[in-house]
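Residue numbering for the sequence shown is 1 to 476, as defined by full-length UniProt numbering.
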Amino acid sequence: MVLRRTPETADEEAASQGLHIFTGRIIHSKSLTELEIIPQGAIGVLPDGRIAFLSREETNISNLQRKYARLHLDFTSATITHLKPSQFLFPGLIDCHLHAPQWPNLALGMDDTLRDWIEKYTDPMEASYSDTEKARRVYSDAVRTTLRLGSTTVAYNTTMHVEATNILTDCVLAAGQRAIMGKMCVTVGSTSGNWESSTEESLKGSEACIEYVLSKDSEGRLVRPCVQPRGGPYCPPDLMKGLGEQYAKYKRVYVQAHMCETEDDIERTLALHPPHSTYSDIYLANNLLHPRTILAHGIYLQPRDIQNILSAKAGIAHNPNSNTTLRDGHCPVRSLLEAGVKVGLGTDCSAGYMPSIHAAMRDASNVSRHLAMSRGDAKHVLRFEELVYLATMGGAAVLDMQDEIGNFEVGKWFDALVVDVEGVVGVERELWEWDSSRGDAEALVRKWVFCGDDRTVRRVFVGGRVVGGWDVGHVS
């Protein structure tokens with residue numbers, strides 16, 4: 001067994017609901033420029049799933065128990081997990097943009113442009129979710145798999161179907177994943193019957209899904225609702241206006257939308273929304289640009305778009321895999337970061353063929369290098385610590401949850417991965433001494449990011465509870 005527990009016979013589900021202490025290597029992002037590597041540390045987790053302490057030096061269990069007893073934290077009955085030398089704790093990955101209904105289309109249509117791909121693959125697939133049994137089958141697999149891949153929080157895009165969207169909410173809650181959830185709204189510009197008959201129908205369904213999420217998780221501990229215009233070319237002014245009014249009506253509601261993915265996308269948007277001259281002005285005018293607004297892509301932003309996003313404290317979900325696959329273009333992440341815009345990573349399934357934020361870190365690195373080559377400016381290359389930030393703290397900021405998740409600060413939820421690099425290419429035991437004093441700990445996490453695969457994510461915790469990982473998903 002990968003994790004060595006004390007007592008070894010402790011039931012994992014019961015242990016995940018009680019006090020827990022982890023000791024070993026801990027790695028997390030503190031900022032865009034600071035990746036903290038703790039060679040030997042300890043994390044204490046409370047029964048409610050929040051982090052009670054982070055010890056950067058002391059790992060002796062008895063000493064820790066005595067120390068925190070003075071703070072009225074009784075860890076004497078805690079389950080203890082000692083990580084192996086090849087393992088480390090890493091924050092849960094945050095996927096800022098994933099289309100759950102497109103799950104069956106992964107790796108299909110990668111030779112097409114965005115418009116052709118939508119009409120040939122996406123519209124027919126999304127239109128089919130009036131079949132609720134299909135929704136249960138597909139969504140259950142999507143949630144289980146993304147958890148196993150390490151995505152503890154996902155901002156899901158859905159379809160126009162109320163019942164199917166509510167089924168996805170049920171799947172997320174049953175699995176224990178964090179999510180942003182709402183019904184897609186579209187009345188024009190689509191094909192294959194993938195549209196709603198009226199603004200009234202679209203808004204009614206959107207509100208029904210918001211109410212459903214709130215009825216299931218009123219405090220937003222795991223799932224939070226959103227309004228979800230498919231994008232500028234698909235939502236005429238009256239629909240945009242109505243969605244903005246819904247945002248104003250409810251607390252803790254998010255906005256999920258696409259913006260400036262291709263130049264054709266922008267042209268179609270502005271043609272539908274006169275007299276606006278920039279994409280972001282449409283969202284701004286309709287009360288849809290806020291700190292809880294998640295904007296996918298942002299490749300062709302104008303200076304006014306950037307200023308609007310920055311003023312509203314909205315965020316960009318960078319989708320390097322899908323942007324490359326459909327030849328949309330290169331998102332200038334460095335320019336956005338320099339401007340102060342919040343940026344996180346998305347997988348954009350199924351335009352992105354791999355629904356893994358772990359893989360998205362590699363893709364973001366490669367896209368930044370291609371952008372540097374094409375523009376002749378090395379400043380666009382994303383540094384390693386920035387890649388880790390985008391996958392964790394950056395995503396948390398885009399979701400306006402930076403005070404709750406993203407790293408191992410005391411008081412945040414213990415959303416975490418137990419990563420094991422044993423067997424990873426380039427980490428052969430006979431060539432690796434596991435000596436953190438030589439800086440090997442940073443090399444270890446670099447090798448995981450660039451050489452690891454899904455098998456390295458051994459355990460996934462959300463709020464202190466085991467919810468996935470390779471060991472959990474592949475138990476005989």
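All C-beta atoms in this analysis are idealised placements derived from N, C-alpha and C, irrespective of residue type, glycine included.
If you're wondering where the values come from, they're calculated on a predicted model, not measured in any experiment.
- With respect to residue 344, residue 413 sits apart: the two C-beta atoms are not nearer than 8 Å.
- Looking only at 61, 60, 44, the smallest Cα-Cα distance to residue 53 is reached by 44.
- Secondary structure at residue 19: coil, using DSSP grouped into helix, strand and coil.
- One alpha carbon belongs to residue 248, the other to residue 225, and they sit about 13 Å apart.
- Between residue 299 and residue 92, the C-beta spacing is not below 8 Å.
- DSSP, reduced to helix, strand and coil, places residue 171 within a helical segment of the structure shown.
- For residue 384, the enclosing alpha helix (DSSP H) covers residues 384–389.
- From the listed residues 450, 355, 34, the smallest Cα separation to residue 145 is found for 355.
- In the three-state DSSP reduction, residue 107 falls in the coil class, being neither helix nor strand.
- Taken in chain order, the complete alpha helix (DSSP H) segments of 4 or more residues contained in the stretch 128–205 are 132–148, 162–175.
- Pairing residue 129 with residue 200, the inter-Cα distance amounts to about 20 Å.
- Contact annotation: residue 336 and residue 312 have beta-carbon atoms that are not nearer than 8 Å.
- Annotated as proximal: residue 448 and residue 419, with beta-carbon spacing under 8 Å.
- Secondary structure note for residue 337: its alpha helix (DSSP H) is the uninterrupted segment 333–339.
- Secondary structure note for residue 458: it is in no alpha helix (DSSP H), and the uninterrupted beta strand (DSSP E) holding it is 457–462.
- Distance from the CA atom of residue 40 to the CA atom of residue 86, rounded to whole angstroms, is 12 Å.
- DSSP, reduced to helix, strand and coil, places residue 226 within a strand of the structure shown.
- Checking the DSSP bridge columns, you'll see residue 254 partnered with 226.
- Measuring C-alpha to C-alpha distances from residue 165 to each of 209, 123, 175, 193 identifies 209 as the nearest.
- Ranked by Cα distance from residue 25, the options 441, 253, 122 are led by 441.
- The C-alpha of residue 232 is placed about 18 Å away from the C-alpha of residue 113.
- Excluding sequence positions up to five before and after residue 329, its CB lies within less than 8 Å of the CB of 262, 299, 300, 323, all in the same chain and listed in chain order.
- Taking all protein chains shown into account, residue 34 has fewer than 16 neighbouring C-beta atoms within 10 Å of its C-beta and is therefore exposed.
- DSSP places residue 293 in the strand class (E or B) of the three-state scheme.
- Selection 79, 23, 84, 49 evaluated against residue 59 yields 23 as nearest (Cα-Cα).
- The stretch 449–461 and the stretch 348–364 touch, with three or more beta-carbon pairs separated by less than 8 Å.
- When rounded, the separation of the alpha-carbon atoms in residue 294 and residue 66 is 44 Å.
- With a 10 Å radius around the Cβ and a threshold of 16 neighbouring Cβ atoms, residue 386 comes out buried.
- Taking the Cβ atoms as the reference, residue 180 lies roughly 4 Å from residue 155, within the contact range of under 8 Å.
- Residue 450 carries a helical assignment under DSSP once its states are collapsed to helix, strand and coil.
- Around the beta carbon of residue 57, fewer than 16 other beta carbons lie within 10 angstroms, which makes this residue exposed.
- The criterion of a C-beta distance shorter than 8 Å is not satisfied by residue 141 and residue 347.
- When secondary structure is reduced to three states using DSSP, residue 317 falls in the strand class.
- A straight-line Cα-Cα distance of about 29 Å links residue 108 and residue 279.
- A straight-line Cα-Cα distance of about 14 Å links residue 176 and residue 167.
- Look at residue 47 here: in three-state DSSP terms it is coil, with no helix or strand label.
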